[in-house]
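Residues 2 to 174 in this note's numbering are what the sequence shown lists, from first letter to last. Have a look at the structure below before the remarks.
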Amino acid sequence: MSPERALYERDPEAWNAHLAEGNAKQARKRVSVDVLLRDQHGRILLVDPKYKPDWDMPGGMVEVNEPLPDAARRELREELGLEVHVGDLLCVDWVAPHGPWDDMLNFIFDGGVLSATEIATLRLVDDELRTYEFCDEDQATERLRPYVWRRVSVALEALRTGQVRYLQDGYVG
2 MSPERALYER DPEAWNAHLA EGNAKQARKR VSVDVLLRDQ HGRILLVDPK YKPDWDMPGG
62 MVEVNEPLPD AARRELREEL GLEVHVGDLL CVDWVAPHGP WDDMLNFIFD GGVLSATEIA
122 TLRLVDDELR TYEFCDEDQA TERLRPYVWR RVSVALEALR TGQVRYLQDG YVG
């Protein structure tokens, strides 16, 4: 029997303290979720945040202890008044430390194809966004930062192939 297991069986409080100490020392990562939403023509929904210079995917930062699909649904509801089923994971991108930021994990989920009725209900709910627009791939390439476009293009590929991909700074690792 391992010493850790013996400790747990003898003293559950000591075991929990041991786990809490390890938890306190382990890395904390920022995590964000984006949702790939399309219209009936295959165009991608992009948003124009007021707080950054470039367009982006709908989504945002995950809160402490929040499951990723819940975060995605919350962000869509808070920003666009949209209630959708968050589908399969399409890709995960590890983003290296940059500027004042530590590293981050970004997850893109499939939000499916929005119906005309769902598109008609889209609205700017909070003041984070200037606008939103469905864009074809050429428009998305122009509007998104290069590493975000690389991430989105891999997510689009995952839709076609069914293969979830891991990226590092937008490149297949």
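By construction, the Cβ of each residue, glycine as well, lies at the ideal position given by its N, Cα and C atoms. Everything numeric in this text was worked out from a predicted model, so none of it was measured.
- By DSSP's assignment, P50 forms a beta bridge with L130.
- The beta carbon of K53 is closer than 8 Å to none in its chain, skipping five residues each way along the sequence.
- Taking each of R124, D111, A141 in turn and checking the Cα distance to V165, the smallest one comes out for D111.
- Unbroken alpha helix (DSSP H) runs of no fewer than 4 residues, entirely contained in the stretch 138 to 167, are found at 138 to 144, 147 to 162, following chain order.
- For secondary structure counted as the beta strand (DSSP E) over 3 or more consecutive residues, the stretch 7 to 89 holds these complete runs in sequence order: 31 to 39, 45 to 50, 60 to 62.
- In the DSSP assignment, L123 falls outside any beta strand (DSSP E) and carries neither an H nor an E.
- Below 8 Å, enough C-beta pairs join the stretch 122 to 142 and the stretch 42 to 62 to call them touching: three or more.
- The beta carbon of P98 is closer than 8 Å to those of D104 in its chain, skipping five residues each way along the sequence.
- From the listed residues Q169, V34, R39, L115, the smallest Cα separation to L157 is found for R39.
- Judged by beta-carbon spacing, G82 lies beyond the 8 Å limit of L115, meaning their Cβ atoms are not closer than that value.
- Between the alpha carbons of L125 and D170 lies a distance of about 29 Å.
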